[in-house]
Structure formats: structure tokens, C-alpha cells
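*Asks:*
Number of protein chains: 2
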Amino acid sequence: MRIPFRSSILLTLLALASPNLRADEGMWTFDNLPLEQMKARYGFTPDQAWLDHARLAALRFPHGSGSFISSDGLVLTNHHVGHDFILQVSDAGHDYIRDGFVAKARAQELKVPGLALKNLVSCENITARIEQAEKSGKSRQEAIEALLATERKGSALACESVSLYQGGEEWLYRYKVFTDVRLVMAPEYDIAAFGKDWDNFSYPRHDLDFSLWRVYENGQPYHPSDFLKWSEKGAANGDMTLVVGHPGRTSRLETLAQIQFRRDVQNPLLLRSLDRQRKTLRAFAAKNGESARLVSAALMSIENGYKVYAGELLMLRDGKALENMEKAEQRLRASVALDSKLKDLAGNCWDRIQECQKTRTELAPEERLLLSRSSTLVRGPLEGALRLLAASDATLKAGIPDLDVENRNLEIALLACGLREVQEELGSQHPLTQALLAGQPPEEVAHRVMIDTTLLDPAARKALLDGGPKAIRESRDPLLQLARQLEPLRKNVRQRVEALTAMMDEHSLHIAKARFAVYGKAVYPDATFTLRLSYGAVATYPQNGTLAQPFTTFGGLYDRADAWGPAAEDASWALPARWVQRRGTLTPSTPFNFITSNDIIGGNSGSPVLNRQGELVGLAFDGNIESHLGRYTFNPANNRCLCVDARAILEALAKVYDADAIVQELRH
Amino acid sequence: MRIPFRSSILLTLLALASPNLRADEGMWTFDNLPLEQMKARYGFTPDQAWLDHARLAALRFPHGSGSFISSDGLVLTNHHVGHDFILQVSDAGHDYIRDGFVAKARAQELKVPGLALKNLVSCENITARIEQAEKSGKSRQEAIEALLATERKGSALACESVSLYQGGEEWLYRYKVFTDVRLVMAPEYDIAAFGKDWDNFSYPRHDLDFSLWRVYENGQPYHPSDFLKWSEKGAANGDMTLVVGHPGRTSRLETLAQIQFRRDVQNPLLLRSLDRQRKTLRAFAAKNGESARLVSAALMSIENGYKVYAGELLMLRDGKALENMEKAEQRLRASVALDSKLKDLAGNCWDRIQECQKTRTELAPEERLLLSRSSTLVRGPLEGALRLLAASDATLKAGIPDLDVENRNLEIALLACGLREVQEELGSQHPLTQALLAGQPPEEVAHRVMIDTTLLDPAARKALLDGGPKAIRESRDPLLQLARQLEPLRKNVRQRVEALTAMMDEHSLHIAKARFAVYGKAVYPDATFTLRLSYGAVATYPQNGTLAQPFTTFGGLYDRADAWGPAAEDASWALPARWVQRRGTLTPSTPFNFITSNDIIGGNSGSPVLNRQGELVGLAFDGNIESHLGRYTFNPANNRCLCVDARAILEALAKVYDADAIVQELRH
């Protein structure tokens, strides 16, 4: 069913319906800024020249944002956005992650093969053209593909289609792509991520999370039409800030029922699972140094995930956050109920989605165990065995990893952990528990399967594989037998989950269409990893019974380092040697990080933070723990964007890294 | 009914019953320390010499704790414990609160008339003697009074009786009292209470909350037998800490039902009332500068109260805190159920207390409105009118204050606020609402009563008072008429509340007796503003998604001052001029405040924090926001004691206050 996106009745409704936007909320497209709200709150609205300048200075990194900051193509982003590329240009003799890197001259700048940055040259609303093509019988996808194909012919620009408002608008974005990008400067990991995983997502914060790069064209530094001027003065508490960048993905249209499912079922289930996993890995790590090394990265990643989802759950359980979502939902439902077409389209979709949550709740433990990428049940050898069972001849070799004794022991521990989860989450009477355990203890099953299987031995595995699919199907290898038990049950769960998801997606799409019909562009579209502007200000929030300080300083960095000492918690607050040596030369009162009320999310990392004059006052690098609900809703009371202060970068470049040429270039 | 405190069956039970004490929990009397727990957790137990030394060095201030810290009778406590006495010795020309005070020589030390400090010389368990006297027919109170009277005859020491374990033990405490106490040194309020009301109860913290005093005897500095040695090294993260001081009052024996009443009824009611009051006062303050000045202290106090009870409510709503209370209660109930005598005594008391909460819930709004000292209904002129109605001739004059126009306007606003609370909390059909408002708007009633009354005019009031009680009873003055409406309703509520409280107290006492019978002295008694020891360690806790730093530093103090600037939030983070000027001379890494897991509460302010050697490493001055539940329960996961670091005091004395003689004396 197609629906008109705006009817005359709706124009009247629109005057009545308010989208319940909150102060500073929104990741807005450049063609549709909330000028009235900006004017009312901050007495400032950017004009077209301001916007063009910011857009042309903005860059998209593979998983983040950046910007041009000099006429010679110097580029600023976060250290963590550039992390993998810094690693890429490191080698056995040069650990630029640990030691940092400063190119003393342009010739020393390090080219990163494969790294491409994108600069948004133009945007075009193609909704009408697509709808026209749809009328001639094409599917929307076909219409978009055809238009893109035409567009790409003979253009040096990279063209991408962007679907906004869940299909309410279709756009064509044209990018200039830069493929010669070189590393200019990166601080040491210990200062870029000071406080390590402990301080991640937290505030007050002291991370010098930046890195510098240069775009070259034809072997020469590129001279961009627009680059951001570096603010010497920086921002003050209360100053308006504008963030220009590429927020990745939000789900702000989820219904209350979906959010409640996350709160009551999904997140608790996930946290229990992660807790089992970290306990398993900690026990494994405690055996000896080699074991500890083997699992340290996985353990860190699980601890990090635990923190993210525990934070999200904490926020979800705070009644106020859900209260606002509920109000917005009621308001939209009331508007939809007033219009017969919209009522037909979406009137009962909220209730239908709510009904779906019952099945979703029943399926959740099996879905997590059998389909999640982070399950400890279906992974490594067992996952390989499942792939073998499903494979045609051609892919038989993509299968089971070679494992040494230590790795095999780890797989035993993880499989036992997964089997325990089956037993604890599903109960001993569940068909899956009975199929996998048959009344035996999880540890015993895991041990027997992994010890008795011949599939971990390359020679035995080759022999089996040489027998082809038939031999595999008939093999009595215990790992393959376990996989055979699992397979039909897993297939069944996958089918049920897919059917349920399709049903919910359909309802969600109807709600999205109804919402666009009611509010139109008075609201912002969900994030799509494309250029957006968010407005806000340097702003405190209530924290620990007092107010969070709007800035941290170099003095605060050393305070935290002194308070913990260099060894505490695996050297989480250790300073690089250079930062210890140069301490006396730094001005303690120089701002280091600061917080703003801008509405950002993953993908915005590396976004420039601008003042009204379009000057760079900071660099967005994270959100506080309270911002973890930002995927679903924006709470202006405590959702905060964390920024590296532009003054901190300048002071560090000048006084710690002796990078005078770069300082000159920035001040130019 | 009297019950034996220990029977032979109970000795068996005792082995089974564990009091569910948590790590580092307890404010212990010196005769009964949890030596096994201390040994197990920290490998240290203080011996008798350690304890005698600490006790003889400890002092009790009128509302806090302190200690001798030199052979010349120098005394250390908090700035906030000494605040009123510093104010007392200030005068028009000398504002020692604002400017601080340093006696450069002993002759300059300022005597504080009326200030008396107490030093606990000996303690004696008099339970057996009291029980003996009871057998001869005396009431417990009479027996104690008689013993105290005998004791006081011919003794220079001040004797006090102390009832521990809700009467499970009676003790006699003998104090040496010092009445010549002089102010030696006090820092400026701005550094003693840096962060003002905002940072109060919060952490990380930067308060130099100390003051120095000297005890004199016969006009000469007193030489105490014991004083605390100042630790030059201070404490490190994880080091054991022992706090010796006078915790004021805890209610750790409240039943779960009583705590739930606080959570679900009392605190929300109180917070709604405080919120109405602060809104009223804010609106009043917004009129003009004079109005703002008039209410600023009251407003600050209400904001502070709001923060305390909102913090407490937040903790009460955290399921985990109540979970532990519930477990402890179930364990005790199970033990009581096993012994027929105890079952008779207290078996049904928990249920009875729970039943009482229903009536308590019904009564709560009226109790708050009519009987609470912080009610805005019964206060000022109306309270005076009620006193007039109740008074005999002799006290007629103690009554209604003289009010200027501004103060009268304030009373109108507050009475209207109280009447609105009546209307909103009780509903328009409630007898109290009907009696006070008779269908009229609260603002109109308040205005009419306060404008039309003649009682605020001294001459008219005198004329009425001259008529005696009869004239007052028959007066048609609107304020007296309102009081007459209120009076019987108030009396009724008071009687019902008193009856209910007496009933609950009786049940609580039975539970306390049963508890003492089961656990004996395996537990600590509720706080009684007498000398206790609590053990713990310098310890972090989870905060904002990371770990709270165990120490703050001088660098952190300046970080917070720089981050806010001197003007923000009514100069909450402004530094005294001396601290701005001397910044360069201070070592930024010197620890300033630190946190420990010691179990303390109000009254402990000013307590010395000792290491194993009995040396002073810090000065307890506050608890974190999470410690607000400490009145009812102790949560080792995040209940933290906040301390000024001994090294911070020394550094400030030497480098900011040029108090070299004091530094010499401390290092002696």
C-alpha cells in the first residue's frame, strides 16, 4: 500500500501535532534545520554560506568523521577512528600505537594504502523521480539502482543513495573521494585513551583522542576549497556548539513495547550471557601467563560490552527516559487516530508490535544462543562443523581452525560455558538441552567432544574432507554429531525469528510512514552515516549529587594520574614518558576535554565541534554513560557529547610533541 | 516483660545464627571489636595499648568529634564542626569564616566561651547493677539516675549513662571535660567548603575541612597523656584505616516495612513538600534583591534538605540495598522462630509493624502538615496564634513575631504554600481542607488572614493580650479564627500519631531484645554519640561507569576551580585570594581528600583516621551521596567515608598559611 506523504487534512493536523522534540535534540540534514528552535534557544542560525563551508570542510572516514583543517589538506579526526590505520603503518620496529608518531617534515608523512576519505559535494532530493519510476512499474530498489547507474556514468564522483525517514524521502549524495591519505601525527595510546577501558564512556575525562592526516592529490598536498579555522579562544561554558559529522545509526522510532522488551528481556539476557563469558575467560586467564595473553583481548572486549549494555539497562530502568518515549508515542497515536487513512495504515501497528513481543520473549534465549555472533555455543570448531554439514563441495575447506593445545582448552571452556547457558536459560527439559546434553554435565560434554573429535587434527580432517559431503554426513565424529543434533533446531529458530522480524519490520514501516505523514520534516530522520548537523552548547549536568564540571584541564589529567599512580588497574592511568617529562612546561589550567548537549552517536567520532563563526573549538570523541540510551531517545538533561578541546591539541602539539610546523599550519 | 538476654538454648543457637555482617560494617564499642573480621580482612587487630592511646587522644565536640594532636594540647577537628565557634569569636571587624584565622603566637589564640570538649577516661558496664536495682523495685530509669547521682558525688569527671543494644547493656561513661578551648587556626570558608552546597556529599571532593584548637588548663596549654602522631607518609590505596569518633545516631534495626514506608510514602511526601517550598521561596526571591536576601538562607537549607532526601530515596529505590536488609531480617526471624521464648516475645512483631504502616501511610500527609517542624502551614504567625490559644496567662507573651511588610508578604506566601499542600495532598473533601479553605483558593485565604489580622500590629496585639485568655478565646481576629479551626484537628492527629508511634516502639524494642538474645555482641549497637571504632581501607567504588579515584590532589582542586571559573553558580568554586597567589608554591600531586570504606555517620565529623601504627593519616569530614542510606544500612560496595588527607593539611599550613610554628608542633 502506498500512502500520500502529505494530504490537505494533514496540513491542518500538522498545526495541531507537535513532534515533542526536546531541547537540542536531533541529527539534522543540512536542507532541513530546526531554525526556529536554534534561534529561540541560542539566538543564532547558520546561513547557507556557513553550511556550505562546514559541509565542504567535513570528511567521512571508514567508520567515523573528520575535517579539513588547513589549506594544505591537513585532516583532523579521533585517534580511535584512525587506530587501525596507525596500526597498519606500524611495523616490527615502529609501534606507533604505543609510541605515537610525529612527521617532522612532509616527506615523513606515512601513506596508508586503502584508506579513502569522502567529501560531500552535493545532495539531491530524488523522491519525486523515484516515485515516478515506481509508477512505471519498477520496484523502489530497481528505480534507485537505475538512477545511480545513470548518475555514475561519466562522473568522477562517488554517488550513493540515501533513504531518509524510512523511505519518506530518497536522496542522491555525491562525494569526492580521496585515496592518498597519509598519517601526519598521532599521540601515544596511553594519552589518547587515558583511563583505558575504565574511563571509556565516563566523564570527567582526559583523553587526547585526536590524530592528524593529510590528503594528497597527484603526489602533492591537496588544497581544499574549504577548511576549518582553528579557534584560539575555544568555547566557554554555555557557548553554542555545532557538530558536523556522520552519525551512524539510531533507532529512535522503536515503539515503547520494543524498548520495554530490551529492558525486560534482551538486555538482562545479554548481560547474563556476557557475565558467564567473562567469568569463564577470567578463570581461563588465571591458569597461567600464556592463557592470560590468549584471552586478554576477548576479555577486554566482553568487559567493554558488559559496560555498554549495563549502562543502557540502567538508563532504561530510569522511569523518566521511558516516560518521554511514552508521551511521544501517545501523541503520535492520537494524531494517527484522527485521520482515517493513517488509522487504516498504522492505527493498530503499535498493538501488533506489542503482541509480537510475547513471541520475541519466548524466542529470545534460543535466538541468543543459536544465532548471535557473540554466543559461546555456536563458535569456533562447532560453528565450523555446522558449516561443513551445510556446505556444498566447493566450500568444504572453509571450516574448522587448526588449534594448539591451549586454544583447544579455550574452546572446551567456551563450549562448556555455552552448554551451561543452554541448561540455565532453557531448563533441563527443553528439547535443545536434551539434544545437546542428554542429561550429562556441560563440562563433560564439552571435554569429550573436543578431545575425541578428529577434526582439529589437520591430517584426520583432510582425510574426512577428501571423502566429500557423503563422508561428512555419515561421519560419527562427536563434533559433527553434536552439530547434527543442533542443526535442525537452529534452523527452526532462525525461521521463526525471521518471520517475526519481518512482521515487526512491516508494522514499524507503517508507523514510520504515518509519522512522516503527520510531522513531515518537523522532525529529523534516523541516522544513516551521512552528514548531519546537531546544535547544542557547552553544558553541565547533574552527576553524583553535584554538577559535572563543563571542562577538564591538564591539571585534572595529572590529578587523575597522580591519584591512581602508574601501575593501578593494569596501568590504566599510566602517562607516556613524554607527558611525565614535559609536565612542568604545560599550563595546568588549559582545558583538556569538555561536554556539550549536542545529540550525537557512533559515527560522529572525529566530528569537528564548531562555534557560531564556524571555527573549530573541539573534536567530538565519545558520549557519557548516560548517552547510552541515545540510540533510542535523546535526554537533554544528561545526554552529553564529549569533546577534546582545540586548545589542548594545540598545547600538546607545541609543548609535548615539538610539532612546531603543524602548529604554524593550524594557526595560519 | 523482662527477658533473659542469654539462655542455654540461645548459646547453641548463637553458633547457628550469623548476623549477616558485611565487609567493614559497624561502629564498634572499644570493649567489643570484631577482631576476627579485622584479622581476616586486613591481618591487623589493635591491642589494648593501641586502643587506650586512641581513646585518650579522642575528643567529643558539641556536635562532632576531634582529637589531641600535640603534647601542648593542640586539637584537630573539621572546619564545619568548629564553624559556629569560629563565628562566635568573629566580630564586625574580623570575619574569620570568610577570611580564615591563623594565630601567629599562642597569645593570639582566641578563647571560645562556652565551648567544652570531652575526653573519655573510663567506661564501666553497669548492666548487672541496674538489673539488680530493678529487682528491688526501681524502674530502669530510676536505677540509672540513682547510680549516676552517687557516681557524680565527689568526682571531677562528667558521668553519663549509655544505653546500648536498645537496653541490652547499660554503661557508665566518665569524661574529663575541658572548658578553656581556644581557636588556633581556621582556613577560609571558600577552601574549607570548596564547591559549597553543590559539592556537599559528593565525590571527587576538594574540601580543606579542618580547623585547629588548643585546650588550656589553668591558663596554660594542657599536656594530654596521649596525642596522635602525624603521619608524614599518609595512606596509600588499599591501606587499612581506623576511624575513632562519635557517630551520632543510626536506625539500623528498622524493619523492612519501616524502610519501605520511608521509600514509598514518607520521602516522596517530604520531597513534594520541599519542592513546593523551594518554588514558593524562589518566586518570592525573584521579586527583588531585598526579598532574595530575606529568604536566601532558608532556600539554601531547603535545597540542601531536598538533596539529602532525594539521594536517600534514590538509594532506597535501588533494589540491592533493600535486598540485604531483607536477608538480614529473614535470618533473624528464622532464629527467633526456633526459640519459643523469643517467638513469644517478638515472633509477630515484624507483622505488627507492617500492619502499623497502613495507618502510618494514612496519617502521613496530616502528620507532615500539622506536626512537622518544617511544615509551611503551622509556622510563624499561625503557630503563634495556636500557642496563644493553648497558653495560660503566664506565657501569653511568647507568641507572635513582629513583622515588617516584606516579612508579612513572606508569611502570606508560605501560608498559601501550606494551604495548597493541604488541598493537594488531602483533597478538597478532607475535613482539614474544608475547615481551612471552605472552598476558597489558598492564596486568597492566606492573604485575607494575614492582612486582616491585628495580631501583627504590636499595639493591637497588646490590647488583645491585656484582655487575657477569655478575650483571646472570644476574639474574631481571622488569624485566631483560623487557629481555632485547626486546633482540634491537629490535636486529634497528634494523639493518633503518638499512639501509633508508641505501638511501633514497643514492637521495635521486642525485636531489638530478641536480636540481642540471638546475636549478643556479635553485632554492634546503634550509634549513641559515644566513642566507637570503625575499620576499613582506602577504597575506590564504581562511579559513572568507571572507578572513583581513591585520592584527589591539589592539582585536582585547581582543575575544578579552573573548569568552573570563580563566578559560576554563585562563586561555588571560587578560591580564596591566598590560594590563587600561592598556587605556584604548592606541589600539585600532594593528596587532598581521599575515600575509605569506614562505616561512619553524622557525629563522626572531625574523627581522626588512623593507620595501623595509630598515626593520623586523615580527618573524616563527610560521606558520599551513596552513604545516605547509612542511617539504615551499610553497603560496602559504595558507602564511602570522605577524609581530608593529613598531607594536605601540612602542605597548606606550610605553604599557604605560613604557619611554621604549627607545622613544627605537628612534626614534633
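Chains as they are written, first to last, in my numbering: chain A, 5 to 672; chain B, 5 to 672. C-beta atoms are modelled at their ideal positions from N, C-alpha and C, and glycine is treated no differently.
(1) Got a sec, what are the start and stop residues for the beta strand (DSSP E) arginine 246/A sits in?
(2) If we require 4 or more residues per run, which alpha helix (DSSP H) segments fall completely within the region 281-319 of chain A?
(3) Looking at the unbroken alpha helix (DSSP H) that takes in isoleucine 148/B, where does it start and where does it end?
(4) If histidine 250/A and arginine 64/A are in contact, beta carbons under 8 Å, what's the gap, nearest whole angstrom?
(5) Consult DSSP for glycine 627/B and reduce its assignment to one of helix, strand or coil.
(6) Quick check for students: name the residue ranges of the alpha helix (DSSP H) that lie wholly in the region 507-581 of chain A, counting only runs of 4 or more.
(7) Per DSSP, what kind of secondary structure is methionine 189/B in: helix, strand or coil?
(8) Buried or exposed: which applies to arginine 156/B, given that a residue is buried once 16 or more other Cβ atoms fall within 10 Å of its Cβ?
(9) Just the chain B side, please: which residues come within less than 7 Å of glutamine 547/A by C-beta, in chain order?
(10) Hey, is threonine 557/B's beta-carbon within less than 8 Å of any beta-carbon in chain A?
(11) Rounding to the nearest angstrom, what Cα-Cα distance links glycine 86/B and phenylalanine 288/A in this structure?
(12) Go through its chain and collect everything with a Cβ distance to threonine 183/A's Cβ below 7 Å, but skip five positions before and after it.
(13) Leaving aside the five residues before and after valine 312/A along the sequence, list all residues of the same chain whose C-beta is less than 8 Å from its C-beta, in chain order.
(14) In three-state DSSP terms, what is arginine 372/A?
(15) When DSSP labels each residue in this structure, what does leucine 91/B get in the three-state scheme?
(16) Looking only at its own chain, which residues have a Cβ that is under 8 Å from the Cβ of histidine 672/A, when we skip the five neighbours before and after it?
(17) Quick one: list the residues of chain A neighbouring serine 206/B, beta-carbon separation under 7 Å, in chain order.
(18) I want to see whether chain A comes within less than 8 Å of glycine 309/B, judged by CB atoms only; does it?
(19) If I follow the unbroken beta strand (DSSP E) through proline 612/A, where does it start and stop?
(20) Provide the residue span of the alpha helix (DSSP H) that contains arginine 452/A, from first to last.
(21) Indicate the three-state DSSP secondary structure (helix, strand or coil) for alanine 111/B in the structure shown.
(22) Round the Cβ separation of phenylalanine 558/A and proline 592/A to the nearest angstrom and send it over; I've been treating them as touching at under 8 Å.
(23) State yes or no: is the beta carbon of tryptophan 583/B nearer than 8 Å to at least one beta carbon in chain A?
(24) Taking only beta-carbon atoms, is isoleucine 306/B less than 8 Å away from chain E?
(25) With respect to the alpha helix (DSSP H) encompassing tryptophan 54/B, which residues constitute its N-terminal and C-terminal limits?
(26) Less than 7 Å between C-beta atoms, sequence neighbours within five positions excluded: which residues of the same chain meet that for histidine 511/A?
(27) Could you spell out the range, first to last residue, of the alpha helix (DSSP H) harbouring alanine 325/B?
(28) Taking just the CA atoms, how far does asparagine 602/B sit from asparagine 615/B?
(29) Glycine 315/A versus chain B: which residues are under 7 Å apart at the beta carbon?
(30) Considering only heavy atoms of the ligand GTP, does any lie closer than 7 Å to the CB of phenylalanine 48/B?
(31) Within the same chain, show all residues whose beta-carbon is closer than 7 Å to that of arginine 133/B, passing over the 5 residues directly before and after it, in chain order.
(32) According to DSSP, is glutamate 29/B helix, strand or coil?
(33) Give the interface partners of asparagine 2/B over in chain A, defined as CB-CB distance under 9 Å, in chain order.
(34) Since tryptophan 202/A meets chain B, which of its residues come closer than 7 Å, beta carbon to beta carbon?
(35) Could you tell me which of Arg519/A, Gly242/A, Gln41/A and Gly540/A sits nearest to glutamine 334/A, measuring between CA atoms?
(36) In terms of alpha-carbon separation, which member of Glu258/B, Glu655/B, Leu232/B and Lys517/B lies closest to leucine 349/B?
*Replies:* With the structure as the only source:
(1) As a first step, residue 246/A is located in the first sequence; it is residue number 242 there, counting from the start. The question names arginine, but residue 246/A in the sequence shown is leucine. Taken as a continuous stretch (DSSP letters only), the beta strand (DSSP E) holding leucine 246/A covers 244-249.
(2) Taking only runs of at least 4 residues, no alpha helix (DSSP H) segment lies wholly in the region 281-319 of chain A.
(3) The residue labelled residue 148/B in the question sits at position 144 within the second sequence. 144-156 is the extent of the alpha helix (DSSP H) around isoleucine 148/B.
(4) Counting from one through the first sequence, the residue named residue 250/A turns up at place 246. Counting from one through the first sequence, the residue named residue 64/A turns up at place 60. Contact flag correct, Cβ pair sits at about 5 Å.
(5) Translated into the one-based positions of the second sequence, residue 627/B becomes position 623. Of the three classes helix, strand and coil, the one that applies to glycine 627/B here is strand, per DSSP.
(6) Runs found: 558-568 and 572-575.
(7) In the second sequence, counting from the first residue as 1, residue 189/B sits at position 185. Residue state for methionine 189/B is assigned as strand, using DSSP reduced to three classes.
(8) In the second sequence, the residue the question calls residue 156/B occupies position 152. So arginine 156/B ends up on the exposed side.
(9) Indexing the first sequence from 1 puts residue 547/A at position 543. Near glutamine 547/A (Cβ distances below 7 Å), the residues of chain B are Asn548.
(10) Within the second sequence, numbered from 1, the residue matching residue 557/B stands at position 553. Interface flag for threonine 557/B against chain A is set, since a Cβ pair is found closer than 8 Å.
(11) Position 82 of the second sequence, counted from the start, is the residue given in the question as residue 86/B. Position 284 of the first sequence, counted from the start, is the residue given in the question as residue 288/A. When only Cα atoms are considered, glycine 86/B and phenylalanine 288/A end up about 55 Å apart.
(12) Taking the first sequence and counting its residues from 1, the one referred to as residue 183/A is at position 179. Annotation for threonine 183/A: Ala120 place their beta carbon closer than 7 Å to its own, counting only its chain and skipping 5 residues before and after.
(13) The residue given as residue 312/A occupies position 308 in the first sequence. Excluding positions up to five away in sequence, the list reads Phe205 and His632.
(14) Taking the first sequence and counting its residues from 1, the one referred to as residue 372/A is at position 368. Reduced to three states, the DSSP call for arginine 372/A is helix.
(15) As a working note, residue 91/B is residue 87 in the second sequence. In the three-state reduction of the DSSP assignment, leucine 91/B falls in the helix class.
(16) If you number the first sequence from 1, residue 672/A lands on position 668. The residues are Ser74 and Ser75.
(17) As a position in the second sequence, residue 206/B is number 202, starting the count at 1. Within chain A, the C-beta atoms nearer than 7 Å to that of serine 206/B come from Asn548, Gly549 and Thr550, in chain order.
(18) Numbered from its first residue, the second sequence carries residue 309/B at position 305. So no, glycine 309/B is outside the interface.
(19) Reading the first sequence from its first residue, position 608 is the one you call residue 612/A. Proline 612/A -> beta strand (DSSP E) spans 612-614.
(20) Residue numbering aside, residue 452/A sits at position 448 when the first sequence is read from its first letter. Run containing arginine 452/A: 446-456, per the alpha helix (DSSP H) assignment.
(21) Taking the first residue of the second sequence as 1, we reach residue 111/B at position 107. DSSP places alanine 111/B in the helix class (H, G or I) of the three-state scheme.
(22) Position 554 of the first sequence, counted from the first residue, corresponds to residue 558/A. Position 588 of the first sequence, counted from the first residue, corresponds to residue 592/A. Contact flag correct, Cβ pair sits at about 5 Å.
(23) Within the second sequence, numbered from 1, the residue matching residue 583/B stands at position 579. Residue contact with chain A for tryptophan 583/B: absent (no Cβ-Cβ distance below 8 Å to any residue of chain A).
(24) The structure shown contains no chain E; the protein chains it does contain are A and B.
(25) Reading the second sequence from its first residue, position 50 is the one you call residue 54/B. Looking at the DSSP string, the run of the alpha helix (DSSP H) that includes tryptophan 54/B is 52-61.
(26) As a first step, residue 511/A is located in the first sequence; it is residue number 507 there, counting from the start. Excluding residues up to 5 positions away in sequence, Cys353, Arg356 and Ile357 lie with their Cβ nearer than 7 Å to the Cβ of histidine 511/A in the same chain.
(27) Here residue 325/B is taken as the residue at index 321 of the second sequence, counted from 1. Element bounds for alanine 325/B: 323-342.
(28) If you number the second sequence from 1, residue 615/B lands on position 611. If you number the second sequence from 1, residue 602/B lands on position 598. The C-alpha of asparagine 615/B lies about 12 Å from the C-alpha of asparagine 602/B.
(29) For this step, residue 315/A is matched to residue 311 along the first sequence. What glycine 315/A touches in chain B: Gly549.
(30) Looking for the ligand GTP in the displayed structure turns up nothing, as the structure carries no ligands at all.
(31) Residue numbering aside, residue 133/B sits at position 129 when the second sequence is read from its first letter. Cβ within range, chain order: Leu151.
(32) Numbered from 1 along the second sequence, position 25 holds the residue referred to as residue 29/B. Coil at glutamate 29/B, not helix or strand.
(33) Shown here, chain B extends from 5 to 672; a query on residue 2/B therefore has no answer.
(34) Taking the first residue of the first sequence as position 1, residue 202/A is located at position 198. Within chain B, the residues near tryptophan 202/A are Thr550 and Leu551.
(35) Your numbering for residue 334/A matches position 330 in the first sequence. For the residues Arg519/A, Gly242/A, Gln41/A and Gly540/A, the minimum Cα distance to glutamine 334/A belongs to Arg519/A.
(36) Counting from one through the second sequence, the residue named residue 349/B turns up at place 345. Taking the Cα of leucine 349/B as reference, the smallest distance to any Cα among Glu258/B, Glu655/B, Leu232/B and Lys517/B is reached at Lys517/B.
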